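*Asks:* Protein chains in written order, with this note's numbering: chain Y, 329 to 486; chain B, 1009 to 1301; chain P, 7 to 780.
(1) For residue 70 of chain P, is the classification buried or exposed, using 16 other Cβ atoms within 10 angstroms of its Cβ as the cut-off for buried?
(2) Who pairs with residue 1141 of chain B in a beta bridge, going by DSSP?
(3) I'd like the span of the beta strand (DSSP E) that includes residue 105 of chain P, first residue to last.
(4) Consult DSSP for residue 40 of chain P and reduce its assignment to one of helix, strand or coil.
(5) Report the start-end ranges of each alpha helix (DSSP H) in the segment 533-573 of chain P that is 4 residues or longer and not cut off at the edges.
(6) I need the straight-line Cα distance from residue 309 of chain P to residue 369 of chain Y, nearest angstrom please.
(7) On the premise that residue 237 of chain P lies in contact with residue 298 of chain P, defined as a C-beta separation below 8 Å, what is that separation, rounded to the nearest angstrom?
(8) Which runs of the beta strand (DSSP E), 3 residues or longer, sit entirely within the segment 38-85 of chain P?
(9) Nearest-angstrom Cα distance between residue 461 of chain P and residue 467 of chain P?
(10) Using a C-beta cutoff of 8 Å, does residue 761 of chain P count as contacting chain B?
(11) Taking a Cβ distance cut-off of 8 Å, strictly less, list which residues of the segment 1190-1222 of chain B are near chain Y, in chain order.
(12) Please classify residue 1059 of chain B as buried or exposed, where buried requires at least 16 other C-beta atoms within 10 Å of its C-beta.
(13) Would residue 395 of chain P and residue 430 of chain P qualify as a contact pair, given that the criterion is a beta-carbon distance under 8 Å?
(14) Classify residue 505 of chain P as helix, strand or coil using the three-state DSSP reduction.
(15) Can you tell me which of the three DSSP states residue 160 of chain P falls into?
(16) Distance cutoff 8 Å, beta carbons only. Does residue 63 of chain P sit that close to anything in chain Y?
(17) Contact criterion: CB-CB distance below 8 Å. Does residue 636 of chain P meet it with respect to chain Y?
(18) Taking only beta-carbon atoms, is residue 699 of chain P less than 8 Å away from chain Y?
(19) Rounded to whole angstroms, what is the Cα-Cα separation between residue 655 of chain P and residue 423 of chain P?
(20) If you measure between the beta carbons of residue 1133 of chain B and residue 1103 of chain B, is that distance less than 8 Å?
(21) At least one CB of chain Y closer than 8 Å to the CB of residue 1274 of chain B: is that the case?
(22) Which stretch, first to last residue, makes up the alpha helix (DSSP H) that contains residue 782 of chain P?
(23) Please confirm if residue 463 of chain P has its CB atom under 8 Å from at least one CB of chain B.
(24) Residues of chain P with CB closer than 8 Å to the CB of residue 1035 of chain B, please, in chain order.
(25) Tell me which residues of the segment 1099-1122 of chain B have at least one Cβ-Cβ distance to chain Y shorter than 8 Å, keeping chain order.
(26) If you scan the segment 186-232 of chain P from start to end, which runs of the alpha helix (DSSP H) of 4 or more residues do you find wholly inside it?
(27) Quick test of your reading: residue 713 of chain P and residue 653 of chain P, contact by CB under 8 Å. State the CB separation rounded to the nearest angstrom.
(28) Name the one or two DSSP bridge partners that residue 352 of chain Y has.
(29) For residue 1035 of chain B and residue 225 of chain P, what's the separation of their Cα atoms in angstroms?
(30) Give the straight-line distance between the Cα atoms of residue 23 of chain P and residue 30 of chain P, rounded to the nearest whole angstrom.
(31) Below 8 Å between beta carbons: does that hold for residue 576 of chain P and residue 586 of chain P?
(32) Measure the Cβ-Cβ separation of residue 136 of chain P and residue 305 of chain P and say whether it is below 8 Å.
(33) Is residue 750 of chain P helix, strand or coil when you go by DSSP?
(34) Going by DSSP, what residue range makes up the beta strand (DSSP E) through residue 1014 of chain B?
(35) Using the DSSP secondary-structure output, state which residues sit across from residue 1094 of chain B in a beta bridge.
(36) Could you work out which residue in P:487, P:46, P:558 and P:557 is closest to residue 609 of chain P when comparing CA atoms only?
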């Protein structure tokens, strides 16, 4: 199969890669660029574990083709912390035990970060509905909601 | 699929050229939330994928004197962030807001929703109820087709090879108009509609319904425009008797199947329940709407 | 399932003492930072240089004979480097072994991982290919030609039990029937367990209620699909990285299935992305090793979500009958149940475990439990968090609710009147030790949830659950570094992410040091003695026994070193508050020595300080839970909204209480999903219609409310800290609790799972037409 050469920006760095037309952005991130923080849970857009932002929009990377992201800017979980400093959401997830096995956590963090950028003071209901596209099987969601509420408060006060 | 190729089209003409030049199977790519699922499940094996998101007409949203024009590849999120459009067509947006998840809505488009032709697609009943007209571009040039005539069966459209939907036109409504859409799903989010109903109506100054359109999804091989249901509302003040007739007309029009998402009897029953609930909301919105839609 | 302890098992008596670390919140959690930054490495995150991609060809039929497999066209495809079919694997005789909470039979395990004579379910592997890329591997699969003779299939458990049902195994004769039947059957085993005389007991009763229930199979739904990477080497060891709950057990199975020496196989358990019992079985591992052996390159295999649903191990679908009798003052006099459980393509469901739980919350003199393990054309059952228990609890807790109402006693009081306590004789053998069931019921009665007012179409349901805790082989090795920090390798896989922390806290408590000086990690199989799966809620309960023993072993060494330094006898040194001290003033006036003091000087006085333990932990203390749920039902659509949920459970001793809460909440939400919307849907052809998260409907964040939790602590007398396993009980009561709540909201009782809107609506409509409930 023919391969395409694509140049994009990932977490602020210019990156280029080769991909087959059937490869999704998720496949490219994990298999070509070895950025394995973004996870595959279903490859059909139903679980959110592969969430990234594409030109600032929250998307499932399993439903974006690698070949179509030329010139675009992608943010993944690997870009969330700044060196040693965790993003408040990352810290609050730890503090509130909003993760157990952790496989859904990168997707949830990327999705939560986008929520707080658009809505710095979401209600519990707004959080639950925004995160409905991110499945978690371990926590029952409660501590995740608590962590997002707490992170939002901290970010509003700083 | 050994030779699958991917191309960007940056104009309608180049899209048409690319598609016409391909002897094999072509898939047009907008948000990709249906195409990629089908590609990875080996449900489709195209020889060419054409990305149409760079074509300006497909991405534009504009309000004119005679109505709104929405590009076929505009994402759900872009529409949700367009406050004026949301105020003008709350029922269409009820449907758009229910497509998938936040992640899906970041990419999915009404054009994709219509052309994928799932009978359960959430934007389709309210778009039919809105009287939306699609502009289609193909080898024979542009033409117009009502949204209810695009989907003809599960996964099948009336479009000819090489035709793509460019945009949708929603004609301006008189004052005191309102639309609404609801669907039934087992979970609160993420599910495909088991049944969905869209109602669009306009009231006289007296409060009596002057025009109405009622469309029902997931109860037939395609979404249905149910004239008898509209007739039940027209000339009434959306009172109990009219609603009873509406419910009965909607139920009679249903010809659903039993499948993994719902049984025939459940779909028919709930179609009626939703029709009544949606008509009430559309009525309330029409009463509250001062300006034109 | 053995009911008595092994004479070689280890148990420690409970020590009632004030604790400093156990029961608090640790300052850090070793796995968490890597998980929130995306650095944690799950099985699919591993890559080896020069690796190939492996993919599996799966049967499209529910039941068929394999007539031929022709791989020649696939072999010839450039980029395909190896193909395996049943011919690459030796046949296995009947041989049983424990694999988590269920048993396996190697004869069946080899056939499940790669079909031999027949395919027995949609998704059953028939071949596997290793190629240079995923797209080439997929093309290779398409070129393999398999000829099938399609056979009639049967999936539903009742249909499979009929004597004229299509037969899966011609050599399967029902065990547990005497004399042995002449005709083979899909009923693999019949079980019976009894106490007293149920007929006499029912005679004594004033009210007897008898009901039938049906449940569909559900899947564990872990978000991480199975993934394995195998690197076969001739001279050295074959390495396997995989998603597993038990790398030692997997090593043993891989070695046996491929006829390799155990010592030549090293299995590393990657960080686990959820298991819940579903990763207690090998699926890809032997295939990956075989492909690596044939191609002489590493082979990586990752399941798609579709494959996970079709071909791993969903639970049993069931048909059960429950009959309970009670006197008019509310005393249960007799209880009887029949459990018919699907085992899937091969025998061996959770039936034996389920029978243990049936009535064990209640003190009943006359009990009869019978059950059938039934093969049918769907994947082999694997464990799922309290395997077998939720389905029968659905029946029993619903009938208890009906009885309570008939007798005009509230559901909590009725249970209290009949509650199991210390000394209660179970129907399967042992008497219960001290248990916390009564405490959970009393806390429920006093809980503010019970005071919340209910509006129209709203109802409240109560249900309770019981599960035991496995012990079994557990190892730990502890090393004190020169700086006094402690590193520990344990053999139990940390399946929740919190296990490491809990064990570190126990070690810190034992040694009297700060928990941030303790690092716990899970070793690969070359590092330790055999460890059983993390299953049966044993992760912290049994793991902690091993680390307690290893810690006490290390403390002996520390005291020896202090003794040498002070030139006294070792028994004149005690360990207190993280320091070696003279046992009394008579021994001498020595300054206490800390771990780091001793570690620094260890070389002068005898060498490294370490402790280890290899134990067969005795079966742990049972756990009980009481759940309260309020629902609102939309009578026009059958939609059920969960308004509030409260869960009260006995943890014995919660080592890391906030983590325990998280497990309570997670298990309850899995139970809510199981109750309301999750089910396997099969087509008429026996193929799975909903192998994806779109139509296999697990709860999303907006589907569930806050789950209130309360931890009760009635110490387990056979554990030094009183710890009981806690992971499984939470998933048991929700189906019955929700069904009872729906009844109290609408007046209709549902006995057919899941409690989905079409069923609820149909029941409401039928009751409105009938006018009365039966």
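All C-beta atoms in this analysis are idealised placements derived from N, C-alpha and C, irrespective of residue type, glycine included. These figures come from a predicted structure and were not determined experimentally.
*Replies:* Reading off the structure:
(1) The residue you call residue 70 of chain P lines up with position 64 of the third chain. Buried, by the Cβ-count rule.
(2) Here residue 1141 of chain B is taken as the residue at index 133 of the second chain, counted from 1. Answer is B:1154 and B:1177, bridged to residue 1141 of chain B.
(3) The residue given as residue 105 of chain P occupies position 99 in the third chain. From DSSP, the beta strand (DSSP E) with residue 105 of chain P extends over 102-105.
(4) As a first step, residue 40 of chain P must be located in the third chain, where it is residue number 34. In the structure shown, residue 40 of chain P sits in a helix (DSSP, three-state: H, G or I).
(5) Given a length threshold of 4 residues, each whole run of the alpha helix (DSSP H) inside the segment 533-573 of chain P is given here in chain order: 544-572.
(6) Looking up residue 309 of chain P in the third chain gives position 303. Looking up residue 369 of chain Y in the first chain gives position 41. C-alpha separation (whole angstroms): 10 Å.
(7) As a working mapping, residue 298 of chain P is identified with position 292 in the third chain. As a working mapping, residue 237 of chain P is identified with position 231 in the third chain. Their Cβ separation, rounded to whole angstroms, is 6 Å, which keeps residue 298 of chain P and residue 237 of chain P in contact under 8 Å.
(8) Listed in chain order, the complete beta strand (DSSP E) runs (minimum 3 residues) inside the segment 38-85 of chain P are 58-64 and 70-76.
(9) Looking up residue 461 of chain P in the third chain gives position 455. Looking up residue 467 of chain P in the third chain gives position 461. Answer to the nearest angstrom: the Cα atoms are 14 Å apart.
(10) By one-based count along the third chain, residue 761 of chain P stands at place 755. So no, residue 761 of chain P is outside the interface.
(11) 1196, 1197 and 1198
(12) For the purposes of this step, residue 1059 of chain B is taken as residue 51 along the second chain, with counting starting at 1. Counting Cβ neighbours within 10 Å, residue 1059 of chain B comes out buried, since at least 16 surround it.
(13) Numbered from 1 along the third chain, position 389 holds the residue referred to as residue 395 of chain P. Numbered from 1 along the third chain, position 424 holds the residue referred to as residue 430 of chain P. No, these two residues do not count as a Cβ contact at 8 Å.
(14) Working through the third chain from its first residue, we reach residue 505 of chain P at position 499. Helix at residue 505 of chain P.
(15) If you number the third chain from 1, residue 160 of chain P lands on position 154. Residue 160 of chain P falls in the coil class under three-state DSSP.
(16) The count along the third chain starts at 1 and reaches residue 63 of chain P at position 57. No - not a single Cβ of chain Y is within 8 Å of the one on residue 63 of chain P.
(17) Translated into positions along the third chain, residue 636 of chain P becomes position 630. Answer no: the Cβ-Cβ gap between residue 636 of chain P and chain Y never drops below 8 Å.
(18) Within the third chain, numbered from 1, the residue matching residue 699 of chain P stands at position 693. Taking Cβ atoms only, chain Y reaches closer than 8 Å to residue 699 of chain P, which makes this a yes.
(19) Residue mapping note: residue 655 of chain P aligns to position 649 of the third chain, counting from 1. Residue mapping note: residue 423 of chain P aligns to position 417 of the third chain, counting from 1. Approximately 19 Å, taken between the alpha carbons.
(20) Counting from one through the second chain, the residue named residue 1133 of chain B turns up at place 125. Counting from one through the second chain, the residue named residue 1103 of chain B turns up at place 95. Contact flag set, yes.
(21) For this step, residue 1274 of chain B is matched to residue 266 along the second chain. Not closer than 8 Å to any Cβ of chain Y, the Cβ of residue 1274 of chain B fails to qualify, so no.
(22) Residue 782 of chain P cannot be examined here, being either before or after the span of chain P that is shown, 7 to 780.
(23) The residue given as residue 463 of chain P occupies position 457 in the third chain. Answer no: the Cβ-Cβ gap between residue 463 of chain P and chain B never drops below 8 Å.
(24) Locating residue 1035 of chain B in the second chain gives position 27, counting from the first residue. Going along chain P, no residue has its Cβ under 8 Å from residue 1035 of chain B, so there is no contact; the nearest lies around 17 Å.
(25) 1108, 1109, 1110, 1111, 1112, 1114 and 1115
(26) 204-210
(27) Working through the third chain from its first residue, we reach residue 713 of chain P at position 707. Working through the third chain from its first residue, we reach residue 653 of chain P at position 647. At roughly 6 Å, the Cβ-Cβ gap stays under 8 Å, so residue 713 of chain P and residue 653 of chain P are in contact.
(28) Locating residue 352 of chain Y in the first chain gives position 24, counting from the first residue. DSSP, once it has assigned bridges, lists Y:393 as partnering residue 352 of chain Y.
(29) Stepping through the second chain from its first residue, residue 1035 of chain B is reached at position 27. Stepping through the third chain from its first residue, residue 225 of chain P is reached at position 219. If you take the alpha carbons of residue 1035 of chain B and residue 225 of chain P, they lie about 34 Å apart.
(30) On the third chain, position 17 is the one that residue 23 of chain P refers to. On the third chain, position 24 is the one that residue 30 of chain P refers to. In this structure, the alpha-carbon of residue 23 of chain P lies about 15 Å from that of residue 30 of chain P.
(31) Along the third chain, one-based indexing puts residue 576 of chain P at 570. Along the third chain, one-based indexing puts residue 586 of chain P at 580. Here residue 576 of chain P is not near residue 586 of chain P, since their CB atoms are 8 Å or more apart.
(32) As a first step, residue 136 of chain P must be located in the third chain, where it is residue number 130. As a first step, residue 305 of chain P must be located in the third chain, where it is residue number 299. Cβ atoms of residue 136 of chain P and residue 305 of chain P: closer than 8 Å.
(33) For the purposes of this step, residue 750 of chain P is taken as the residue at position 744 of the third chain. Reduced to three states, the DSSP call for residue 750 of chain P is helix.
(34) By 1-based counting over the second chain, the position of residue 1014 of chain B is 6. Residue 1014 of chain B -> beta strand (DSSP E) spans 1013-1016.
(35) Numbered from its first residue, the second chain carries residue 1094 of chain B at position 86. Note: residue 1094 of chain B sits in no beta bridge, so no partner.
(36) By 1-based counting over the third chain, the position of residue 609 of chain P is 603. Nearest in C-alpha terms to residue 609 of chain P, of all of P:487, P:46, P:558 and P:557, is P:487.
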